[in-house]
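Take a look at the structure below.
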């Protein structure tokens, strides 16, 4: 009887061990498969892999329909994203560092791209304020035109900004100051849209000029 019980215990142990090995094997297989898939996606855009904060979407994504007011008082919507590439950025005019740095780098990128690409491949740049209370249309106009005459400034209502938060992961909030005023805290990513008006990539801060140029060229060339 002892031999029988011993044999049963040994059989259960073997079965348990085999089951664990199989589960581990499956886990390794699927993890490796996913890693290879991600590697393939990123290797198609080598310049994008230079920064861990940058990423290329697995497939272009349509965002919620939106309407904002540009710095000329005209309506700017999803339709205005179509027909050309677009860099979308969120900020505010009283921003002490991130916003002016990003816009200056976008200006530098635009100048370089004009020497490298045909005019139809030059992206439009739009900055939407996260502080419409202090950044009305005229203020946005003066601010963005200081960096580049072709840049577009825009204002949006809270519902539209909330939709951008849901779709793009935009984060922003008011930070009260001791003097009763406030500052804004916000995410600093750049969002790239293709000529179909779909979101295709995100660039994390800081966005250096040469990196933007190389990454953008890679994405545009791969789209043809």
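In this note's numbering, the protein residues as written are 3 to 226.
For each residue, glycine too, the CB sits at the ideal point set by N, CA and C.
For residue 85, the closest alpha carbon among the candidates 203, 207, 202, 195 is that of 195. Look at residue 218 here: in three-state DSSP terms it is helix. Approximately 5 Å separates the beta-carbon atoms of residue 156 and residue 78; this is inside 8 Å, confirming the contact. For residue 140, the enclosing alpha helix (DSSP H) covers residues 139 to 147.
Cα atoms of residue 113 and residue 176: separation of roughly 34 Å, rounded to the nearest angstrom. DSSP, read as helix, strand or coil, puts residue 126 in strand. Ranking 59, 55, 62, 66 by CA distance to the CA of residue 164 puts 66 first. Within 10 angstroms of the beta-carbon of residue 125 lie 16 or more other beta-carbons, which makes it buried. Counting along the chain, the unbroken alpha helix (DSSP H) around residue 113 starts and ends at 100 to 118.
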